[in-house]
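The structure appears right after this line, and notes come after that.
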Amino acid sequence: MRPNSPPVMALLLTALVAAGCAQAPVQQDGITINDPYEAQNRRVHAFNKGLDARVIGPVANRLKGEDDDAPRDPDAPIGPLQMVINAGRNLSLPVKVVNGLLQGKPRDAGANLTRFAVNSTVGLGGVFDPAADSFGVTERDTDFGQTLAVWGVPEGAYLELPVLGPSTQRDAVGQVVDLVIDPLYHLLDGREAGAVFALRVASKAGDRARFGDTVDGILQGSADSYAQTRLIWLMNRRFDLGETGDDYDPYDDADVIDPYSD
Amino acid sequence: MTIMTPMTMRMSSTPIRTDRRGLLGLIGCASLTAVLPWRPAHALDADGAHALIDRSLAEVYQVINSGQPAPQMYQQFEAIFARYADVDVIARSALGPAARQTDPAVFADYKQAFQGYIGRKYGARFREFIGSRIEVTGARQLKSFYAVTSVAYLNGRAPLEVEWHVSDRSGEDLYFNIIIEGVNMLASERAEIGAMLARRQGDVVGLAADLRQAG
């Protein structure tokens, strides 16, 4: 920007001040919400909601099949949908091992590495999950957004990203870094890496299919689906990161909702 | 006064009554059959809260594994919710400050609609729990109530932490909140009911009508 354009400068300053006013985090429904970009986020949300209703939802429902509403026998063999979900999740384990190490959690990293080793071999390329079924080694879900949280980076503003959905400034950075530090993409050549990426996207789509009723319920069934998505996502994300309060003490937690004291 | 037994409650196809007197009648029956969470002359403690959630979950899984059509399952979830949860305080908290200015008859109607909405909405979620199990792992005091912790083991997923908040402040041992992986049911219903009420410009009668169509 050139300094000899005062009207533009003034406009920019006004915008900054306005943004500054909107930036104060508010206490709402028992949690802190920091959403200075709400207007922009709501536009993205409307886009994502439309995409989900017209494209992602119908595809996911077709993947799930018509007869899936019937109660399933828990001992029955897993279907092709679960196989794709398993295989995709298996391929997400190496970057979780890296993040576990970056967070100084060698046991979590070890569990994910064990899962990757067992399921990639005995589990036929991750299609099956003998690590959990036979050895009780479950996944330690993590990502670079969590690594940043462990390193003390603040959460930042809430963001709703196109297609990817709810996030924060910290998690959006994490999502990009995860692609860069994923060992699989460094070890594999272009076509293999492309195949891995496609399978991981398919796995996400499979998750969407399995939990479609819940997603539909929130996205299409809520009176204010933007606020509901934001609230549920933030509560769950902070729980996953152990950030439910600045100094969380479950025995003296101001955020615990006690309706009897209202 | 109609005294409803747990059996008629389960079989009834009419909306389940939760008014004070009906509920007290219900509790009376329960103490005889030892089906319901009523422990005479005992204050709520960790064991009592633990046992309440165990019983509630056993009934929920009985319905989940019954393989009935969805609408019947939702009705039974509603009945279980009405029996083990403090519907009055949950509905009141979800409505927020408006609850204090609402006429008791209007509130009672809203509460009835809210209860059915919860049965359908969370009933649909419970169906994703087919073939799963939930283990109650402990109970601890939290402020004036008890937090019962449990772990849900679902097929092909990492275990979920589910926490139940149980209180005897209503005069009975009942739960008033469920927190699944940090997602607080009371908080999300406050936001949802708040948004629905705003859409009706604060009219609770209209809100109740909308709730009967929702969930």
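Chains as they are written, first to last, in my numbering: chain A, 33 to 294; chain B, -16 to 198.
We treat Cβ as the ideally placed atom computed from N, Cα and C, and that holds for glycine.
At a cut-off of 7 Å, the C-beta of V134 of chain B has no neighbouring C-beta in chain A.
With fewer than 16 other beta carbons inside 10 angstroms of its own, W183 of chain A counts as exposed. Close CB contacts of F79 of chain A within its chain, under the 7 Å cut and outside five residues either way in sequence, are with P194 (chain order).
Beta bridge pairing from DSSP links E164 of chain B with no other residue.
For the set A:D290, A:L263, A:A237 and A:D272, the Cα lying nearest the Cα of G89 of chain A is the one of A:A237. If you look at L40 of chain B, you'll find it in the alpha helix (DSSP H) that goes A29 to I47. When secondary structure is reduced to three states using DSSP, V159 of chain A falls in the coil class, being assigned neither helix nor strand. If you compare the alpha carbons of B:F97, B:V149, B:L125 and B:I63 with that of G189 of chain B, the shortest gap goes to B:F97. Under the Cβ criterion of 7 Å, D175 of chain A is not counted among the residues facing chain B. In the three-state DSSP reduction, P198 of chain A falls in the strand class (E or B). Closer than 8 Å at the C-beta level to chain A, one finds these residues of the segment 164 to 175 of chain B: E164, G165, V166, N167, L169, A170, S171, R173, A174 and E175. In this structure, G120 of chain A lies away from A227 of chain A, with their beta-carbon atoms at least 7 Å apart.
If you check the CB distance, Y190 of chain A and R74 of chain A do not come in under 7 Å.
Judged by DSSP secondary structure, I101 of chain B falls within the alpha helix (DSSP H) whose first and last residues are P87 to F109. Taking a 10 Å sphere around the C-beta of Q95 of chain B, we find 16 or more other C-beta atoms and assign the residue as buried. Cβ neighbours of I117 of chain A within its own chain (closer than 8 Å, five residues either side excluded): S235, G238, D239 and R242. In the three-state reduction of the DSSP assignment, L220 of chain A falls in the coil class, being assigned neither a helical nor a strand state. The alpha carbon of E144 of chain B has as its nearest neighbour, out of B:A135, B:L40, B:D151 and B:R152, the alpha carbon of B:A135.
Take the alpha-carbon of G114 of chain B and the one of I47 of chain B: they are about 9 Å apart.
Cβ-Cβ separation between F60 of chain B and V43 of chain B: approximately 7 Å, consistent with a contact (criterion under 8 Å). Under the three-state reduction of DSSP, Q51 of chain B is assigned to coil, being neither helix nor strand. In the DSSP assignment, I117 of chain B falls outside any alpha helix (DSSP H) and lies within the beta strand (DSSP E) extending over R116 to L125.
Inter-segment contact for the segment 173 to 180 of chain A and the segment 207 to 218 of chain A is present: three or more beta-carbon pairs are separated by less than 8 Å.
With distances taken between CA atoms, Y57 of chain B lies nearest to B:Y100 out of B:G165, B:Y100 and B:D69. Between the segment 118 to 134 of chain B and the segment 146 to 158 of chain B, the count of C-beta pairs closer than 8 Å reaches three or more; the two stretches touch. Per DSSP, I73 of chain B is one residue of the alpha helix (DSSP H) stretching across V70 to L78. Residue pairing of F128 of chain B in beta bridges, as defined by DSSP: B:L125. DSSP, reduced to helix, strand and coil, places W183 of chain A outside both helices and strands of the structure shown, so it counts as coil.
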